[in-house]
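Let me begin by presenting the structure, written as structure tokens, before commenting on it.
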Amino acid sequence: MNPFSSAIITPSYAPDFERCRLLSWSIEQFVTPSATHYIIVPAKDLSLFSQLKKPNTEIVTVESILPWWVQRLPIVKNGWLNFKTGFVRNWLLQQVVKLAVPQQVSEDILVYIDSDVTFIRPMDLESFVDGDRVRLLHIPNQLTPEFAAEFPIQDKWLNATGQLLGLPATPLPKPGYVGQVITWRRDNALKLHRHLEKVSGRGWVEAVCNSWHLSEYLLYGTFVDQVLQQQSGHFYDTEGICYEYWGDQTLSDQQLQKFLSEMPSRAKAIMISAKADIPPGRYETFVKSSQTYGFRSS
């Protein structure tokens, strides 16, 4: 019997409401056993997202998760004010929110799923557990010099991660931890908070907000692998379970159909990036078309 409880965590905001609505539907259709889905949104979007509230879906505000000294700047679209460290970009604030969730919930396993993900096959949360170990996305040697040249932001994420964790710089290649449907252990995330405070000599939120670039998934994965090591209580998933479209080109209906038909058998969900500017209503029909794709069990 699985000794762990699970929660699904989705940060979102008004422009992604329809995507989040489709994700919420897909979780209800395909994910077992039932787990509380926490959708985290800015307070100004609370009324809109309240439509998605169900017995197993809670709508939580960003502001309720952050300390009082981190405040939205009403006249600045893309930033917040941290009274201890100064201006905080929206991008970084999203990472802080994900890192702060473990202090706000009690479930043992946190499953992070962004709004642009949709489940289209049955997904058993029990598959994330093997005895007393929990799945961790760990892609061996993903971060190579060639990868870093193509995605230079990776170097900035790696540098920030090393500084926050107090780790010496080491050469590439390194494993990657960034993807969709990410699983953390809550107890490890709380250990990460304490480690950040030990290294920095300040509160962990303050330490993280002092970074300009950060990947929360890279930070957690590196902490697990290099600090906790054999004590992490994780096992590796080296492929992931989400089939992804990262392009910024809008797909035709025929291209959408082709994308879905080529979904690998182990994938349980799809991610179509909001950058592609494809209204979710266009692919919702395909996602729900069990007769065509056979995604749903009979």
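Each residue of the sequence shown is one higher than the last, beginning at 1 in our numbering.
Here a beta-carbon is modelled for each residue, glycine too, at the ideal position from N, C-alpha and C.
8 Å Cβ cutoff met for residue i and residue j
i    : j    : result
P67  : V205 : yes
T183 : R135 : yes
L46  : S24  : no
L251 : A276 : yes
V62  : V97  : yes
A160 : H213 : yes
Own chain, CB closer than 7 Å to residue i, minus 5 neighbours either side, in chain order
i    : result
E284 : L22
T292 : Interpretation of T292 is limited by its pLDDT of 42, a score under 50 that renders its predicted location unreliable; no figure is taken from the coordinates.
Selection from the options that minimises the alpha carbon distance to residue i
i    : options               : result
D253 : Q229, R266, P280      : P280
Y177 : L218, S64, W212, W246 : L218
K174 : E216, G221, D130      : G221
P325 : V181, R121, V31, F151 : It is not possible to answer for residue 325, since the shown part of the chain is limited to 1 through 298.
I113 : S200, R19, V70, E150  : R19
D248 : I65, N90, M271        : M271
Classification of residue i by the beta-carbon crowding that lies within 10 angstroms, buried from 16 upward
i    : result
S6   : buried
W157 : buried
R185 : buried
T118 : buried
Straight-line Cα distance separating residue j from residue i
i    : j    : result
D187 : D108 : 7 Å
F259 : F4   : 35 Å
N2   : I278 : 39 Å
L137 : P74  : 37 Å
I39  : S127 : 23 Å
Q95  : Q103 : 14 Å
L167 : N78  : 31 Å
L192 : S26  : 31 Å
E28  : G201 : 43 Å
Cutoff 6 Å; reference residue i; Cβ partners in own chain excluding five residues on either side
i    : result
A148 : Q154, D155
R72  : W80
L99  : E216
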